[in-house]
Amino acid sequence: MKRKYYLLVSMFLLLGVIGILNGCSSNEATSVTDNQVILVGTQNDYPPFAFADENNELTGYDVEVVKEIDKRLDGYTFEFVATPWDSMFLALESNKIQAIADQVAKTQEREEKYLFTDESYFAAETVIVVKAGREDIQTLEDLEGKNVGALAGDSYTLLLEEHNKKVDNNIVLKYSESGNPSEILQDVQNGRIDAYVNDPIMINTVLEKYDLDVEIVGQSLVNDNMGIVFKNEEQGVKLKALIDPILKQLKEDGTLVELSKKWTGGEYIPE
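Each residue of the sequence shown is one higher than the last, beginning at 7 in the working numbering.
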């Protein structure tokens with residue numbers, strides 16, 4: 007009888023240990039599966055905002071802003087997907103990505119179709135760049151009749167397209183097949199196009215890397231506030247509601263200022 011009793015006790019103890027181990031495994035699985043993965047689209051060739059570093063890892067101002075959000079938002083994990091600009095919004099619409107963090111300016115046309123965070127995380131300028139020494143281009147009107155590099159769908163191109171709707175002498179838009187701003191700037195240097203319109207921080211970063219013989223001219227054409235973009239549906243509404251308060255925290259505690267100084271050398275944070 008004693009032997010049988012000991013055997014039963016041993017079996018119960020063994021089952022208890024297995025139950026504890028299974029419980030641990032279940033908890034570990036839950037902690038992993040509870041984190042919903044959000045795929046964030048961004049470019050890999052738009053320094054200093056979003057680009058691939060020497061280890062082919064995505065980095066830059068926009069990427070680090072999202073990483074800071076990730077640290078403060080429980081229940082979600084953000085992963086980045088290198089996405090060409092010309093297919094960025096298509097990827098969002100087809101749910102290949104669930105958010106965009108790629109210096110997307112808030113425009114009326116975009117806000118009618120997509121959700122933007124109420125809190126903007128960067129204030130960008132728009133300038134004209136030409137071959138160094140050129141003096142006949144200083145303003146938007148000076149671009150009329152000239153060949154100007156463009157990326158389909160970006161806010162800088164939309165500005166030029168809107169201008170063309172109001173004038174007879176159109177700006178001749180030369181849409182880039184590569185979608186790479188640095189290649190467009192090389193076309194400016196080599197005289198294949200007359201000018202390019204974009205953000206001065208990106209332009210100066212590319213100039214430092216490639217030492218191109220081009221320069222920024224005239225005054226800023228327009229100032230834009232950048233936001234994180236979501237699909238206008240239930241998940242997008244939920245993500246926007248979760249992320250907006252965190253962006254506000256990042257702004258108030260100085261994190262955005264620190265990141266802006268690190269990546270751009272200045273404070274470009276909207277009020």
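Think of the CB as a built atom: it goes at the ideal place given N, C-alpha and C, for glycine as much as any other residue. Given the structure is predicted, the values throughout are model-derived calculations rather than measurements.
Lys180 - partner residues in DSSP beta bridges: Looking at the DSSP assignment, Lys180 forms a beta bridge with Gly155.
Where Gly224 sits in the DSSP three-state scheme: The answer is strand: DSSP assigns Gly224 an E or B state.
Burial state of Asn175, where buried means 16 or more other Cβ atoms lie within 10 Å: Burial call: exposed.
Continuous beta strand (DSSP E) assignments of at least 3 residues falling wholly in the segment 86–154: Within the segment 86–154, the beta strand (DSSP E) runs of at least 3 residues that lie entirely inside it are, in chain order, 128–137.
Own chain, CB closer than 7 angstroms to Ser226, minus 5 neighbours either side, in chain order: Excluding sequence neighbours, Ser226 sits near Glu131, Thr132, Val133.
8 angstroms Cβ shell around Glu167 - same chain, five flanking residues per side excluded: Within the same chain, Leu179 come within 8 angstroms of Glu167 by CB-CB distance, once the 5 residues on both sides are set aside.
For Thr65: DSSP bridge partner residues: According to DSSP, Thr65 bridges with Phe57.
Assigned secondary structure, Ile249 (DSSP; H/G/I helix, E/B strand, else coil): In the three-state reduction of the DSSP assignment, Ile249 falls in the helix class.
CA-to-CA distance, Ile207 to Asp217, given in whole angstroms: Distance between the alpha carbons of Asp217 and Ile207: 15 angstroms.
Residue burial classification, Glu61 (beta-carbon count within 10 angstroms, cutoff 16): In the sequence under discussion, the amino acid at residue 61 is Asn, which differs from the Glu named in the question. By the neighbour-count definition (other C-beta atoms within 10 Å, threshold 16), Asn61 is an exposed residue.
Length of the line joining the Cα atoms of Ile275 and Ala129: Going by the C-alpha atoms only, they are around 6 angstroms apart.
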